[in-house]
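Numbering (our numbering), first residue to last: -2 to 335.
Ideal placement from N, C-alpha and C gives every residue a C-beta, glycine not left out.
Predicted, not measured: the structure shown is a model, and the values here were computed from it.
Heads up, the thing below is written out as structure tokens.
Below, the structure is given as structure tokens:
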């Protein structure tokens, strides 16, 4: 596969690339550059992790990237996920791996790494402190959004380690492409800033889109597991999916809403098109998202018609994962979350 084809595949998952020129240079010199993403094991898998991330990952693997999945159990512990219980955090991490496997990710092509393995190496902590020596407390506090936290002098001191540890992960793992969501931008920019000071090559940052909350009125309102009614999980039944989608924010003629967001980033990515049956009985088929958006802006498609069509597609995407976890093997992974 030539460089241009590989570049286009990677651009297909990116909302932002820092920088495209560096990415092109990397692809020209490395046949299989190393990318990574990291997740705190916490709670049930939702659309962003269980459906969207596997869709984007398959493109990256097709582009020839090597990929490491970092299960950030220490970060989850710092962040008090699963009540700070390490054993439960570990089991949730194993459940995360099973979700990806059920979603069709070729796990033999993904290297799974745990934070708890990294922290056993004194050289890792030397790297954490080297990163910390090269940025100030103000910068660390500003980067706390990567942990879903706000800046405050009342925060636990442990949270201040979070940005330095995340940047150290990137360097320790030898990551060449940071392929995380837009919400992790500050950590990746910090890594790029610190890298030359430590004599390291700047990692390329390829940030993917963050799916909107069901109640989101702006793209910045992302889907969060901490608000179950504004979130769709991979275990939701078709009835639950329909109930949630019917309540989703979707004003007429305004395409900035979660329903259009899921159609664009999930349906078109997975199925290559979108079909909607209007109340009149007419069926419209779209091969490209911009045409759908144009028709919606004109008012030709009612939000309810859009929602009902989306329910079908989401159920088709989720059902293989849902069904897997209804088997005895799958249910065993869910016991820790009950």
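>> When you measure from the CB of residue 303 to every non-hydrogen atom of the ligand FAD, does any distance come out below 8 Å?
In response: For the ligand FAD, the structure offers nothing, since it holds no ligand at all.
>> For residue 290, which residues in the same chain have their Cβ closer than 6 Å to its Cβ, ignoring the five residues on either side in sequence?
In response: Against the chain shown, residue 290 aligns to sequence position 293. 252, listed in sequence order.
>> DSSP three-state label for residue 197, please.
In response: On the chain shown, residue 197 is found 200 positions in, with the first residue counted as 1. DSSP places residue 197 in coil when its eight states are reduced to three.
> Where do the ends of the alpha helix (DSSP H) carrying residue 258 lie?
Replying inline: Taking the first residue of the chain shown as position 1, residue 258 is located at position 261. Here the alpha helix (DSSP H) through residue 258 covers 255 to 259.
> Between residue 248 and residue 199, what straight-line distance do the alpha-carbon atoms span, to the nearest angstrom?
Replying inline: As a first step, residue 248 must be located in the chain shown, where it is residue number 251. As a first step, residue 199 must be located in the chain shown, where it is residue number 202. Distance between the alpha carbons of residue 248 and residue 199 is about 42 Å.
> What separation, rounded to the nearest whole angstrom, lies between the Cα atoms of residue 121 and residue 195?
Replying inline: Translated into the one-based positions of the chain shown, residue 121 becomes position 124. Translated into the one-based positions of the chain shown, residue 195 becomes position 198. Cα to Cα, the separation comes out at about 14 Å.
>> Using a Cβ distance threshold of 8 Å, determine whether the stretch 225 to 235 contacts the stretch 184 to 192, with at least three qualifying pairs required.
In response: no
> Taking the DSSP output, what are the residues bridged to residue 109?
Replying inline: Taking the chain shown and counting its residues from 1, one reaches residue 109 at position 112. BP columns for residue 109 point to 66.
> Would you call residue 282 buried or exposed, if buried means 16 or more other Cβ atoms sit within 10 Å of its Cβ?
Replying inline: Numbered from 1 along the chain shown, position 285 holds the residue referred to as residue 282. That one is exposed.
> Where do the N-terminal and C-terminal ends of the alpha helix (DSSP H) with residue 321 fall, by residue?
Replying inline: In the chain shown, counting from the first residue as 1, residue 321 sits at position 324. Note, residue 321: alpha helix (DSSP H), 300 to 321.
>> Using a Cβ-Cβ cutoff of less than 6 Å, which residues in the same chain neighbour residue 310 once the five nearest sequence positions on both sides are dropped?
In response: Taking the first residue of the chain shown as position 1, residue 310 is located at position 313. Excluding five sequence positions before and after residue 310, the CB atoms of its chain that fall closer than 6 Å to its own CB belong to 264, given in chain order.
> Quick one: what's residue 31 bridged to in DSSP?
Replying inline: Taking the chain shown and counting its residues from 1, the one referred to as residue 31 is at position 34. Residue pairing for residue 31: DSSP places it in a beta bridge opposite 63.
> For the 8 Å Cβ check, are there 3 or more pairs between the stretch 47 to 67 and the stretch 100 to 110?
Replying inline: yes
>> Assuming the contact rule is C-beta atoms closer than 8 Å, residue 333 and residue 89 should be a hit. Round their C-beta distance to whole Å, please.
In response: As a first step, residue 333 is located in the chain shown; it is residue number 336 there, counting from the start. As a first step, residue 89 is located in the chain shown; it is residue number 92 there, counting from the start. Sure, about 6 Å apart at Cβ, within 8 Å.
>> Would the stretch 70 to 78 count as touching the stretch 36 to 51 if we require 3 or more Cβ pairs under 8 Å?
In response: When C-beta atoms of the stretch 70 to 78 are compared with those of the stretch 36 to 51, three or more pairs fall below 8 Å, so the two segments count as touching.
> What span of residues does the alpha helix (DSSP H) with residue 20 cover, start to end?
Replying inline: Here residue 20 refers to the residue found at position 23 of the chain shown. If you look at residue 20, you'll find it in the alpha helix (DSSP H) that goes 17 to 26.
> DSSP state of residue 117, grouped into three classes?
Replying inline: Here residue 117 is taken as the residue at index 120 of the chain shown, counted from 1. In this structure, residue 117 counts as coil in the three-state DSSP scheme.
> Any idea if residue 285 is buried or exposed, counting beta-carbon neighbours within 10 angstroms, 16 or more meaning buried?
Replying inline: The count along the chain shown starts at 1 and reaches residue 285 at position 288. Burial call: exposed.
>> Could you compute how far the alpha carbon of residue 226 sits from the alpha carbon of residue 27?
In response: What you label residue 226 is simply residue 229 of the chain shown in a count that begins at 1. What you label residue 27 is simply residue 30 of the chain shown in a count that begins at 1. About 44 Å.
> Under a Cβ-count criterion, where at least 16 other Cβ atoms within 10 Å of its own Cβ denotes burial, should residue 125 be classed as buried or exposed?
Replying inline: Counting from one through the chain shown, the residue named residue 125 turns up at place 128. Counting the other CB atoms within 10 Å of its CB gives residue 125 a total of 16 or more, which places it among the buried residues.
> So, helix, strand or coil for residue 77, using DSSP?
Replying inline: Here residue 77 corresponds to residue number 80 of the chain shown, with the count starting at 1. If DSSP states are grouped into helix, strand and coil, residue 77 belongs with coil.
> Helix or strand or just coil, what does DSSP make of residue 100?
Replying inline: Position 103 of the chain shown, counting from 1, holds the residue named residue 100. It is coil, neither helix nor strand.
> Any contact of the stretch 206 to 215 with the stretch 19 to 26, i.e. 3+ C-beta pairs under 8 Å?
Replying inline: no
> Residue range of the alpha helix (DSSP H) that residue 328 falls in?
Replying inline: Reading the chain shown from its first residue, position 331 is the one you call residue 328. Run containing residue 328: 325 to 331, per the alpha helix (DSSP H) assignment.
>> For residue 271 and residue 260, I'd like the C-alpha separation in whole angstroms.
In response: Working through the chain shown from its first residue, we reach residue 271 at position 274. Working through the chain shown from its first residue, we reach residue 260 at position 263. For residue 271 and residue 260, the distance between alpha carbons rounds to 8 Å.
> Short check: CB of residue 273 to CB of residue 303, under 9 Å?
Replying inline: Against the chain shown, residue 273 aligns to sequence position 276. Against the chain shown, residue 303 aligns to sequence position 306. Contact flag set, yes.
> Buried or exposed: where does residue 78 fall if 16 or more other Cβ atoms within 10 Å of its Cβ makes it buried?
Replying inline: If you number the chain shown from 1, residue 78 lands on position 81. The residue is buried, with at least 16 neighbouring Cβ atoms inside 10 Å.
> Using 9 Å as the limit for Cβ to Cβ distance, is residue 127 near chain D?
Replying inline: Among the protein chains of the structure shown there is no chain D, as only one such chain exists.
> Where does residue 281 fall in DSSP's three states?
Replying inline: Working through the chain shown from its first residue, we reach residue 281 at position 284. In this structure, residue 281 counts as strand in the three-state DSSP scheme.
>> Going by DSSP, what residue range makes up the beta strand (DSSP E) through residue 342?
In response: Residue 342 cannot be examined here, being either before or after the span of the chain that is shown, -2 to 335.
> Thinking just about the alpha-carbon of each residue, which of 169, 44, 306, 276 is nearest to the one in residue 117?
Replying inline: Position 120 of the chain shown, counted from the start, is the residue given in the question as residue 117. Considering only alpha carbons, the answer is 169.
>> For residue 53 and residue 10, I'd like the C-alpha separation in whole angstroms.
In response: Position 56 of the chain shown, counted from the start, is the residue given in the question as residue 53. Position 13 of the chain shown, counted from the start, is the residue given in the question as residue 10. Going by the C-alpha atoms only, they are around 6 Å apart.
>> Give me the DSSP bridge partner(s) of residue 203.
In response: Here residue 203 is taken as the residue at index 206 of the chain shown, counted from 1. 14.
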